[in-house]
Amino acid sequence: MSKKVRVRFAPSPTGPLHIGGVRTALFNYLFAKKHGGDFVLRIEDTDQNRYVAGAEDYIVESLNWCGIPFDEGPEKNEKLGPYRQSERKHLYKQYADQLIANGKAYYAFDTSEQLDAHRKDHEIKGKTFIYNWHNRKKGRLVNSLVLSEEETKAKLSAGEHYVVRFKSPQDETLHLKDIIRGDISIDTNVLDDKILFKSDGMPTYHLANIVDDHLMEITHVIRGEEWLPSLALHQLLYDAFGWDAPEFAHLPLILKPTGKGKLSKRDGDKMGFPVFPLEYKAPDGTISRGYKEDGYFPEAVVNFLAFLGWNPGTEQEIFSLEDLIKHFDLERVNKAGARFDPDKTKWFNHHYMQQQLDLDLAKEFQVKNILLADVDINYITLVVGLIKERATFVSDFWELSHFFFVAPIDYDEKASKKAIKEDTADILSKVAELVNATDDFTVENLQTNIKGWITSNDIGFGKVMMPLRLALVGALQGPDVFDIMFMIGKRETIKRIEALVKSIGH
RNA sequence: GCUCUAUUAGCAUAGUGGUUUAGUGCAUCCGACUUUCUAUCGGAAGACAAGGGUUCGAUUCCCUUAUAGAGUACCA
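Quick note: the first sequence uses the working numbering, first residue 853, plus one each step.
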C-alpha cells in the first residue's frame, strides 16, 4: 500500500559542501536505506548569480568519500531527470502559469528598489513590511491584483519585468506536521506572498522544490531546520496544485562549539578543525581544509555526524554505516540544536584508527614521510602496531615513532634531569653489557636478563629504566622499552646507550 | 519588531508523573599498569534555566519570564 520511499538531498552548488550539509545527506541516506528506498541527488542551481564552478563535483566526491553515494542524480541512473534545476528550467513556467490561472498566484511588477523603500519606510515606523493581503491592495504595490486586466496585459506585452507571487490565504490556521517536531500551527496572516518565479525566468527555490519533489516522486523531505519557516508555504503550494505533500522532517541545526549560532564556514579555521569533508580550493585561491586531508577516516566522520542530532537511545556509540542503517530512526532525532564537539570527533577517529590494518596505516605513513622511503614496509608495519594506540591521526605517527628510525640527536632537558643520576653512567654501561650478552635477541630474553639483573642487585627499576628509555628515545616517551630495543636491534641499542653514557661525560 | 523552535553537569546526550542515590560518553581531577605517557584500566567530582500553576506527588503536563537559535531576499 505504501509507496516506495524516495528521499532527496538538494544542495546548492555555491561552494564546498558544509559538514551540516553532509549530515543532512547522511540522514537522508540512512532513512532511505533503512526503508529500502532511493536516495536522490538534485542540484539546486536556480540562482545563477551564486553558481560556483566545481562545486557540484565537490558534492559528489564528498558523498562518495563518506560512503553514502546517491542512487539517482546527474549522470547517474537518470530515471526522472534531469537532476539539475538549471536543466529543468523549461518545466517551471507552466506550473507558475497554472497557479495564476486558478487564482493562487499573481503577477507583480514592483522593482527591488521600490520594495526596499517600502521596507525601510516601515522599519522607521517600527513596523514590518509584509508583502501579503495586508499590503497588496493598498495602492502602493503594483501587481495584477490592483491593476485592471488590461493594464496587466499591457505591461506584460510591453515586456516589463515581473515576478510571480503566491497569493497566501487570509485568516486561516494551518496545521502542519513534522516527523521530528510533531504538530505545528501557523496563522496564515503572518505569511508573505513569496516570489515563485523570478524576473530572470528562473523559479525560486520554493516553486522548483515543490515541482521537482512532486515530479521526482519524493516521499519524505528531510532537510535543515532553517527551512521550517517555509514549511507553511510549501504545504500551501502542494494544496494549490492539488498534489499530495510528502512527509517532512526538519533536522536540528549544528551549532558552533561555543554554542552561539550555527556552525559556519569560518569557525573551522578560527578554532582549528575542518568544516568541510574534503579540502576545497576556492576560485580565488583560498584553501579550506577538509576532514579527509586532516587525516580523518570516513567511518569516523559518518559516526560523529550521525550523533549530531540523533542517538540510538542505548549506550552504544560506535556505529558502522550498516549499524546506522539498522538503528536510525527519524523519531529519535532531537529537536534542539546539536553543538559540534571537535574533541569528540577526534575520539571517534582514534577509535577507528585502532581498527585499521597496520599495513595500510604503514603504507600511508610511508607515503607521507620522505625519511621512510627506503625503510622496509614490514618494519614500519610493526612500528605502527606498537604506537597506533596512542595516535589519533597518521600524522601523529612520526612524533610517536621517530626513534624507531633514527637515533636521538639530543636529550629532553626535563627528562634528563629526572632520569640521570650520579651512578647512571655506570648502570647504563652494565646494561649495555647485558644487552650485548643476550644472544637470542628477543623481547622475552631482554626482559628476563635486565629485570633479573635489577632485582638481584636491588637497584630499583626507575634508576635503570628511565635512563635506558632516555638513551633510546631521547625523552621519556614511547612504547615499552624492551619492544624498542628489540625493534632497533642489538647493535643500535648498544650504540644509543653508549652515546648517552658519553654525553653524561664519564 | 514579528513568526517559529529549543533549554538535563564544562560539553554532548539518556530517561521518567512516585525505589532514580537522574544513566552514558567527551573534557577535568585522582589512582593503577613493579615505575615513560598525550594510550589503556579503575575511581572521584559535577546537572533536571527561573517563577507560577495542575496533581496526593513533577525534572517529567500547562502557563509566564529569561536565555539561546532560526527565519523574516527576485539566496538556497
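Even glycine gets a Cβ: it sits at the ideal position worked out from N, Cα and C.
Fair warning: this is a prediction, and the values are worked out from it, not measured in the lab.
A residue is called buried when at least 16 other Cβ atoms come within 10 angstroms of its Cβ; G1357 does not meet this threshold and is exposed. The DSSP-derived three-state label of I1031 is coil. Of the candidates S1000, F1245, E1099, G867, G867 places its Cα closest to the Cα of P1135. Burial state of E939 is exposed, judged by a 10 Å Cβ sphere holding fewer than 16 other Cβ atoms.
For Y1132, the CB contacts under 6 Å within the same chain, skipping 5 residues up- and downstream, are P868, S1140 in chain order. Rounded to the nearest whole angstrom, the C-alpha separation of H1203 and A905 is 36 Å. Contact between I1074 and L1103 holds, since their C-beta atoms are separated by about 7 Å, short of 8 Å. Relative to A1188, the option among E1078, G1326, G889 whose CA is nearest is E1078. Q1206 is the residue among D1210, Q1206, A1214 whose C-alpha sits nearest the C-alpha of R1242. Here the region 1042-1049 makes contact with the region 1014-1027; the two share three or more CB pairs at distances below 8 Å.
For H1027, the number of other beta carbons within 10 angstroms of its own is below 16, and it is reported as exposed.
Taken through DSSP and simplified to helix, strand or coil, G889 comes out as coil. If you keep only unbroken alpha helix (DSSP H) runs of at least 4 residues inside the region 1197-1255, you get 1210-1220, 1229-1239, 1249-1253. With respect to the 8 Å criterion, E896 and Q946 are not classified as neighbours on the basis of their beta carbons. For F861, the enclosing beta strand (DSSP E) covers residues 858-861. Counting only unbroken stretches of 3 or more residues, the beta strand (DSSP E) elements lying wholly within the region 884-950 are 890-893, in sequence order.
In the DSSP assignment, G1076 falls within the beta strand (DSSP E) that extends over 1072-1076. Around the beta-carbon of N916, fewer than 16 other beta-carbon atoms lie within 10 Å, marking it exposed.
Selection W985, N995, K979 evaluated against Q966 yields N995 as nearest (Cα-Cα). Scanning its chain for C-beta atoms nearer than 7 Å, with the 5 sequence neighbours on each side dropped, one finds around M1318 the residues K1270, A1271, L1328, in chain order. For the pair K1215 and L1223, the Cα-to-Cα distance works out to about 13 Å. The C-beta of P1129 has 16 or more other C-beta atoms within 10 Å across all chains shown, which makes the residue buried. Within the DSSP secondary-structure output, I1106 pairs in a beta bridge with A1190. Look at the beta carbons and you see the region 1157-1177 touching the region 882-890: at least three pairs across the two are nearer than 8 Å.
Note on Q1022: under 16 other CB atoms within 10 angstroms of its CB, so exposed under the neighbour-count rule. Counting every other CB atom within 10 Å of its CB across the protein chains shown gives S1009 a total below 16, marking it as exposed. Contact between T876 and G1076 holds: their C-beta atoms lie close to 6 Å from each other, under 8 Å. Secondary structure of V994 (DSSP, three-state): coil.
In the DSSP assignment, I1261 is bridged to no other residue. Where L1048 is concerned, the enclosing beta strand (DSSP E) starts and stops at 1047-1049. Residue nearest to L1107 within the set E1169, D1193, N1297 is D1193 (criterion: CA-CA distance). For the options V1042, A957, A1267, C918, the alpha carbon positioned closest to that of F981 is the one of V1042. Considering only L1324, K1282, A1323, R1321, the residue with the shortest C-alpha distance to G1304 is K1282.
With contacts defined by Cβ atoms closer than 8 Å, K886 and F1180 form a contacting pair.
Linking L1280 to D1292 through their CA atoms gives a straight-line distance of about 20 Å. For I1036 against L1182, the beta-carbon gap comes to about 16 Å, at or over 8 Å, which does not count as contact.
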